[in-house]
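Working notes, structure below.
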Amino acid sequence: MEHREAGTCMSACGCTGRRAAGRPAWWGALACVLGVALFMPGAVLAQRALTLDQAIELAQRQGLQARAASSAREAARSRDRAFTARRLPQLALGGNLPIYNRSIIPVLQPDGSTEFKAQQQTDASLALTMSQRIPLTGGSLFMSSELSRLEVSGQRDLRNWSSTPLSFGIRQDILRPNTFKWDGREQDLRAEVAERQYVEAREEVAIGITTAFFDLYSARMALANATTNAAVNDTLYTLNKGRFEVGKIGENDLLQSELALLRARNSADEARLNHDRALAALRLALNVAPEVPLDIDVPTTVPDVVADTVVAVEQALRNRAQVLDLQLQGVQARRRISEARLLNGVGATLQASVGLNQTAADVNAAYRDLLNQQRFSLAVQMPLIQWGARSNDVQAARADQDRVEANGRLAREQVAQDAHFAALQLSQSRRQLALAAKADTVAAKRFEVAYNRYVIGRIGMDNLYLAQNEKDQALQQYVQSLRGFWLAYYRLRRVTLFDFVAGSTIR
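Counting in my numbering, the sequence shown runs from 87 upward without gaps.
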């Protein structure tokens, strides 16, 4: 559907293009002069006219809100990359360089007595370890190489090296939660939620820019209309003064005409302030400097969108970050139940390793004639008396899961409802826009006829001002309907993350 010359008043003399046919000859010239005076003060300024699509693209590229959303997404991506990196084999170097201890220690003598002697002890060690978590069981495999040195001086001097050139081992919790698996499930969902939240944030930017864009358009149209009304009322007041002097109208009509002129001038001043405020708001939303010329070009057509409510609901439930976040909450609730059951029950920790080691007074000798090394341990934990703590923890976790499920059902219904009514709102806004455009045309024509009839003395002043007020209201309603359509269009995109024009998911 084509907007009824909605893109007018966007350039210096653009006000003459709107409903120009049939108007008095002075109308176009007056609007042109006023346009130059209002929008190009001091010099001819090449303005940067932005369409709505261009404004949205600019805001999504350089706007402060878009930058914040982009930074949030980049932070989420970095956290996801860090998480993925930690699931790969890890290589670490650690040691003590050195541990020094100088103290007096008890020394047992041959005769059974004890004497206290001064002793100095220096320990140093270095270990290189590679480890890898096991996704299936949550345990970890490791491979290490170690070298340590012990030096003692005092009652008896001792220098010794100990080496473990190679050692393989495993550490595994038994009957305990697999935190590695749960962390992976949660992180996958968090990463996807962050991506969809970024897309939603971009659509929020589109809604915000649409609001600011049409706020400026509304303010500009109101300013042009108020300026025209002031000029018309000034002409009528001059005409009525002449009629009063020759006795064609009474003093009451003259005063009414003067009062209308004063109100029109006051409305023009207020409209000018509102226009400047709306322009500043759009600059802020676009992150455009005050010295950069800025103008807008309102779309002359609206997309022929058929928003099926069933499709809208399906896409919303499939694409919304909120729905995916509900899945994340469900995983977290199941994890809490698993942890409540396993952490407070019988469990064990198994550790085992095999390798080669040796000890010698010389570092080179510590790597010759290596001996086998085996280590094994099984630590068992068995709570005996808990006074119902475990069962209550499980009950609390299950109650929390019930809460998450109830809130999830409510949230899904709300998402579906938002999408359903957003689709209906778009269809209604389209019908309202067509009616408002027709009403605006009729009201403008009626005022033009009323003005011409008043000039030749065929109607009274009350009828003229009534037609003028209806014209102003129809214009305002048309602008608001145009604004409402585009807001409904971008809100539908926001609540579904689906482009109904292209027929594809917004990425």
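Backbone N, C-alpha and C fix where the C-beta goes; we use that ideal spot for every residue, glycine too. Note that the coordinates shown come from a computational prediction; the quantities given were computed from them, not determined experimentally.
DSSP places N187 in the strand class (E or B) of the three-state scheme. Counting along the chain, R165 sits inside no beta strand (DSSP E); it lies in the alpha helix (DSSP H) bounded by residues 150-172.
The Cβ neighbour count for I382, taken over all protein chains shown within 10 Å, is at least 16; the residue is labelled buried. Sixteen is the threshold: when 16 or more other Cβ atoms of the shown chains lie within 10 Å of the Cβ of Q401, as they do, the residue is buried. Secondary structure at Q460: strand, using DSSP grouped into helix, strand and coil.
Judged by DSSP secondary structure, R235 falls outside any alpha helix (DSSP H) and instead within the beta strand (DSSP E) spanning 226-239. When secondary structure is reduced to three states using DSSP, E201 falls in the strand class.
By the neighbour-count criterion, in which a residue is buried when 16 or more other Cβ atoms sit within 10 angstroms of its Cβ, A588 is exposed.
Cα atoms of N352 and N319: separation of roughly 12 Å, rounded to the nearest angstrom.
Under the DSSP assignment, G270 falls in the alpha helix (DSSP H) whose first and last residues are 265-331. DSSP places G416 inside the alpha helix (DSSP H), whose first and last residues are 407-429. If the five residues before and after T208 are omitted, its C-beta is found closer than 6 Å to the C-beta atoms of P184, Y186, E237, all from its own chain and listed in chain order. Of the residues T223, S439, M216, V291, the one whose Cα lies closest to the Cα of G149 is V291. Non-local C-beta neighbours of R593 in its own chain, meaning closer than 8 Å and more than five positions away in sequence, comprise V285, ordered along the chain.
Here DSSP, grouped into helix, strand and coil, assigns M216 to strand.
For the pair A162 and L496, the Cα-to-Cα distance works out to about 27 Å.
Ranked by Cα distance from L583, the first of R406, A367, R476 is R406. Cβ contact annotation for T137 (same chain, cutoff 6 Å, sequence separation greater than five): D383, in chain order. If you compare the alpha carbons of D526, N443, E281, V397 with that of R454, the shortest gap goes to N443. At least 7 Å separates the beta-carbon of A525 from that of A553.
For the pair E425 and P221, the CB atoms are not nearer than the 7 Å cut-off. Within 10 angstroms of the beta-carbon of S477 lie fewer than 16 other beta-carbons, which makes it exposed.
In the DSSP assignment, V440 forms a beta bridge with F254, Q460. Every beta strand (DSSP E) stretch that sits fully inside the stretch 349-408 and reaches 3 residues is listed by chain position as 381-383. A residue is called buried when at least 16 other Cβ atoms come within 10 angstroms of its Cβ; Q503 does not meet this threshold and is exposed. For W268, same chain residues with a beta-carbon under 8 Å away, outside a window of 5 residues either side, are V417, R421, S424 in chain order. For T582, the uninterrupted alpha helix (DSSP H) run begins and ends at 547-582, by DSSP. Taken through DSSP and simplified to helix, strand or coil, L222 comes out as coil. In this structure, the alpha-carbon of R235 lies about 27 Å from that of E201. Between the C-alpha atoms of L309 and R349 there is a straight-line separation of about 14 Å. The beta-carbon distance between G255 and Q459, rounded to whole angstroms, is 10 Å. This is too long to meet the 8 Å contact definition. Going by beta carbons, R577 and A508 fall inside the 7 Å limit. Residue pairing from DSSP places V193 in a beta bridge opposite E201.
Taking the Cα positions, G494 is about 26 Å away from L428. Excluding its 5 nearest sequence neighbours in each direction, A354 has C-beta neighbours in its own chain below 8 Å: L309, A312, T313, N315, A316, listed in chain order.
For A135, the uninterrupted beta strand (DSSP E) segment begins and ends at 135-137.
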